[in-house]
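One structure below.
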Amino acid sequence: MPILMSEALNKERRKSVNNVRLFFRAFLIIFFCTTFIALFSFGGGKAIETYFPKDNYFPEGTFVGSVPMSGLTIEEAEEKLEGEIEKWVNSTNYKFVYFDELVEVPATHVQFFVSESLQMLDAGSTMLYNSIPEAVITEAVESFSYEIPNDEVRVEAVQELVKSHAATLSTTSLYIDLNEYVAQQHETDQVAHTVISNIESTLLLEQWANNLNGIVIDARETFSLLQQMQGKGAVVVEGESLNVLATALYEAFLQTNFLIRERHIGKNLPPYAKLGFDAIVKPDFADLIVENINYYPYTLFLAYEAGQLTVTLEGIAFPYLFSAVTKNEREIESRNIVRFSNEKRSGYRQVINNGENGYFVEVYRQQRSIENSQLINEQRLFEDFYPPVHSIELWSLQDRPTENPPLGNEGTIGDEENASSITDGNGENGGSEVVDNGEAETSQLGQGPGDSEDDISDDDDQMFEEPTKGY
């Protein structure tokens, strides 16, 4: 019995082993068949796509300009390109610049060739073909007020620049400087130069000149003397040295087309300045501000040596000559103010304050041709008025003329402070002039001879409210 049971168990074991073997065989057959079918399908599809590509189908990595075309048919690609071009045209224009002028050309003038671009598709990418008519560029050049002969403009080079920009459908604004495409290109040169001498006070001038030397006035940017000095860490001290610096810079800027945004003058003309070319600056109160209206930067160079302050401005040379001239200069005679005292003996006369004549002048900026100096344009910038300083004398009351009674409310006779008579230097009631052109555009700061520059009277408050404006 035990032998029979052992044989039965062995049969069962052999049967189980055979079943497991059959299962693994079937599993392996099914696995290899499935893998073969999957690989054959994938590889066959790739092979068909490689050797028998579908018509009007763009693979991965295909671009027309900057627009991806992957997975699109030709019809879909054309539709997508036309949509991108429409958006680009509505948001883009070309800016032609020449010195201080700008002419905009709409992107609608650019003609695109969508079908031709797709047909030229090769090696996964192609440019977006386009063109801009020569007449459009010629018309833009003629729109400038500056004289730019069309035969001196390299129109084909401008066309290529526009085409390269449009081919990428870039939304970044493109500024086209015509100075780079004219035959007689304007090079960097000295555009303004001025020298101030006859300087009595040289305090800090050399240090300030070093601080400001090499400052760049960027295109379309504003230059403030006080802000630049503070930005350079310069110690700003009110006085003649600061006014000399402002005068030198102002005279240099007058030789350009820069806008004079703010400028102030004193109540008397300093010895170092010419009439109409004076400028003063007071920290936190009066500044010298100009605007570079050109599309090019300009650099300031300053130097102080041997009692002279030199200012030079360098940049793209202007197509015209700019200069400042003065007109309608008038000298305004001072009056003689006589005060009487009953404490002085007959014949006593003392000059308390010497008189000084005043001045009026108009400042113009002229634009002339470089070739023949012919006047092209002239603009009035400022009216400068320096009031006269009246002379004051103290006389004995006994010498008071009876035929010329005192003027105004003088108080009691014999009051030295209140009793006075006003005459001109010739003994007539004159010696002053009225400015017919209205209030001067320049602000007047400071005092007359004998007064401290730091002392500002109450009468001047109204003059400080309106800073000088440019044209």
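In case it helps, full-length UniProt numbering puts the sequence shown at residues 1 to 471.
Positions of the beta carbon are idealized from the N, C-alpha and C atoms, including for glycine.
Check	Outcome
Beta-carbon gap between D100 and I293 smaller than 8 Å	yes
Range covered by the alpha helix (DSSP H) that runs through H165	155-167
Coil, strand or helix - A364 by DSSP	Reading off the sequence shown, one finds Tyr at residue 364, where the question assumed Ala. Three-state result, Y364: strand.
Buried or exposed by the 16-neighbour rule on C-beta atoms within 10 Å, applied to P401	exposed
Option nearest V64 by Cα separation, candidates A192, A77, V244	A77
Rounded straight-line distance, which links the Cα of H186 to that of P375	Residue 375 is actually Leu in this sequence, not Pro. Looking at the two C-alpha atoms, the distance is approximately 21 Å.
Alpha-carbon spacing of D436 relative to G266, whole angstroms	At D436, the pLDDT of 33 sits below 50, so the modelled position is not reliable; the number obtained from the coordinates is stated separately. Whole-angstrom Cα-Cα distance: 21 Å.
Inter-stretch contact (C-beta, 8 Å, three-pair minimum) for the region 73-93 and the region 102-114	yes
Residue interval of the beta strand (DSSP E) (run including A303)	298-305
Distance cut-off 7 Å: N243 Cβ against heavy atoms of the ligand ZN	For the ligand ZN, the structure offers nothing, since it holds no ligand at all.
Y98 burial status per 10 Å Cβ neighbour count (16 or more: buried)	buried
Distance CB(S224)-CB(D287) smaller than 8 Å	yes
Cβ neighbour criterion (16 or more within 10 Å) applied to V216	exposed
For E333, the nearest candidate out of N342, P388, E251, V244 (CA to CA)	P388
Simplified DSSP assignment, three categories, for G446	The predicted model places G446 with a pLDDT of 47, which falls under 50 and marks its position as unreliable; any figure quoted below should be read in that light. DSSP places G446 in coil when its eight states are reduced to three.
C-alpha gap between R330 and Y359, whole angstroms	6 Å
Secondary structure of Q184, DSSP reduced to three states	coil
Contained beta strand (DSSP E) runs [length at least 3] in the region 235-318, N- to C-terminal order	259-262, 264-266, 289-291, 298-305, 308-316
Neighbour-count burial assignment, G315, 16 or more Cβ in a 10 Å radius	buried
I196 (DSSP reduced to helix, strand or coil)	strand
Contact set for K232: own chain, Cβ-Cβ below 6 Å, skip 5 residues either direction	N211
Own chain partners of G448 with C-beta closer than 6 Å, once the 5 adjacent residues on each side are dropped	Note on G448: pLDDT 39, under 50, position unreliable in the model; the coordinate value appears next. If we look at G448 and ignore the five residues flanking it on each side, its Cβ neighbours are K267, N268, V389.
Inter-residue Cα distance where the pair is V103 and R335	56 Å
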